[in-house]
Ligand SMILES: CCCCCC/C=C/C(=O)SCCNC(=O)CCNC(=O)[C@H](O)C(C)(C)COP(=O)(O)OP(=O)(O)OC[C@H]1O[C@@H](n2cnc3c(N)ncnc32)[C@H](O)[C@@H]1OP(=O)(O)O
């Protein structure tokens with residue numbers, strides 16, 4: 001219902017009848033769509049809309065709406081971008097896309113409401129445990145899962161719980177069309193009576209603790225990157241043990257563009273992983289990577305087609321989660337243990353530099369520009 005309310009055009013078209021071979025599947029997908037609990041985000045809603053139009057009416061032939069008719073122009077562009085794909089192909093893609101959205105919510109709905117379970121009390125996350133896997137779902141899809149101060153605290157709390165619970169693996173993933181758009185830029189606009197210096201100090205302290213939780217996490221930690229990732233959601237990936245990404249994901253760490261500097265230990269993990277020259281393009285010059293490029297550079301373990309991403313990844317993870325828990329934990333300790341001290345030192349150094357950066361004119365201008373809607377990434 002959330003999806004339908006927020007995108008009335010889809011509702012309008014859901015009433016159309018389609019007399020084709022996949023009619024039953026297509027009709028079922030339309031019904032399933034109405035049961036989605038989480039808003040999948042504008043990009044996905046536009047794709048659903050476009051596939052629906054193509055499946056029911058064929059290629060787009062209507063005139064392009066005017067420049068100022070933003071909503072209809074975005075819808076027209078999404079439909080038009082499907083070109084000449086057949087109605088049958090569009091119908092299949094529609095069914096696949098809805099299936100992916102539903103299956104990404106399925107394990108969550110089963111367990112998230114357990115009465116008295118501390119996992120159900122999060123405001124910005126959904127945390128569930130099933131099949132020996134604790135999943136931390138970043139759950140602010142309307143803000144592209146930007147990390148607010150509350151979310152930083154809740155992620156730390158969820159990691160502490162997951163580190164101690166009986167699960168074998170811990171997974172982090174995003175709700176909606178983004179994995180995560182990085183730090184919520186409004187974290188920097190809430191200046192208290194004690195001024196910006198205090199805000200920068202508190203932010204530095206928060207970030208140091210946040211990154212430390214990843215450095216010290218004792219079990220295999222897996223990122224299921226379901227869509228674009230920005231800022232700290234990219235840099236922190238160097239502290240995960242395995243990173244699976246949909247081919248729709250992109251990886252963007254635009255620090256100089258934002259007047260900031262790298263964090264999440266990326267000033268150390270990225271050059272080590274991919275070589276200094278490649279790391280520099282990303283961390284100095286804001287290069288946005290495709291999933292395939294990120295995989296070639298070693299930041300991503302494996303890339304999957306978007307329409308089978310959830311099924312393929314979760315099948316793999318369920319198999320891994322049957323492996324002996326202690327063996328995995330000790331193996332991770334051996335692989336990461338030697339570097340922990342170094343990583344904590346890098347984290348501390350990065351946060352000191354960032355505290356200075358957050359007070360700089362370069363950074364303040366970038367944040368103001370974003371909120372004045374002048375500069376999206
Ligand atoms: C405590 C301090 C710790 C600091 C840690 C250091 C970390 C650094 C970083 O992570 S740097 C990276 C910061 N992230 C950004 O600069 C991304 C900013 N966002 C964008 O450029 C765009 O929103 C986008 C490209 C991610 C998506 O664009 P689009 O698809 O057009 O969607 P919208 O812009 O309409 O987004 C929907 C809605 O979400 C709000 N939003 C998205 N990302 C952020 C964000 N990072 N911070 C705050 N708000 C964000 C956006 O404003 C829209 O809100 P609205 O519907 O207008 O209320």
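Numbering (the UniProt record's numbering), first residue to last: 1 to 377. All C-beta atoms, glycine included, are put in the ideal place defined by N, C-alpha and C.
Please report the straight-line C-alpha distance between residue i and residue j, rounded to a whole angstrom.
i, j, result
"residue 114", "residue 135", "In this prediction, residue 114 scores a pLDDT of 44, lower than 50, which makes its location untrustworthy; the coordinate-derived value is nonetheless stated afterwards. Approximately 15 Å between the Cα atoms of the pair."
"residue 278", "residue 24", "49 Å"
"residue 37", "residue 338", "43 Å"
"residue 133", "residue 161", "13 Å"
"residue 363", "residue 189", "12 Å"
"residue 367", "residue 354", "14 Å"
"residue 311", "residue 29", "17 Å"
"residue 100", "residue 192", "43 Å"
"residue 195", "residue 171", "37 Å"
Should residue i be labelled buried (16 or more other beta-carbon atoms within 10 Å of its own) or exposed?
i, result
"residue 210", "buried"
"residue 262", "buried"
"residue 243", "buried"
"residue 276", "exposed"
"residue 83", "exposed"
"residue 40", "buried"
"residue 67", "exposed"
"residue 356", "exposed"
Going by beta-carbon coordinates alone, are residue i and residue j separated by less than 8 Å?
i, j, result
"residue 91", "residue 22", "yes"
"residue 219", "residue 283", "no"
"residue 97", "residue 149", "no"
"residue 247", "residue 222", "no"
"residue 431", "residue 53", "The requested residue 431 does not occur in the structure, where the chain is confined to residues 1 to 377."
"residue 42", "residue 60", "no"
"residue 359", "residue 153", "no"
"residue 180", "residue 229", "yes"
"residue 155", "residue 125", "yes"
"residue 89", "residue 129", "no"
"residue 232", "residue 344", "no"
"residue 234", "residue 313", "no"
"residue 347", "residue 167", "no"
"residue 158", "residue 127", "yes"
"residue 49", "residue 75", "yes"
"residue 270", "residue 238", "yes"
"residue 33", "residue 93", "no"
"residue 350", "residue 267", "yes"
"residue 217", "residue 264", "no"
"residue 26", "residue 95", "yes"
Could you pull the DSSP bridge partners for residue i from this structure?
i, result
"residue 180", "229"
"residue 304", "246"
"residue 289", "251"
"residue 127", "136"
"residue 171", "135 and 222"
"residue 282", "Bridge partners of residue 282: none, in fact."
"residue 147", "183"
Would you check if the region 171-180 and the region 124-143 touch, i.e. whether three or more CB-CB distances between them fall below 8 Å?
Judged by Cβ distances under 8 Å, the region 124-143 makes contact with the region 171-180, as three or more pairs qualify.
Across the region 249-258 and the region 191-210, are there enough close Cβ pairs to call them in contact, namely three or more that are closer than 8 Å?
Flag = no, the region 249-258 and the region 191-210 do not touch.
Touch test, the region 288-296 against the region 247-254, Cβ-Cβ under 8 Å, three pairs minimum
A contact between stretches requires three or more CB pairs, one per stretch, nearer than 8 Å, and the region 288-296 meets this requirement with the region 247-254.
Just checking, does the region 293-306 make contact with the region 177-192 on the three C-beta pairs under 8 Å criterion?
By the Cβ test, the region 293-306 is not in contact with the region 177-192, since fewer than three Cβ pairs between them sit closer than 8 Å.
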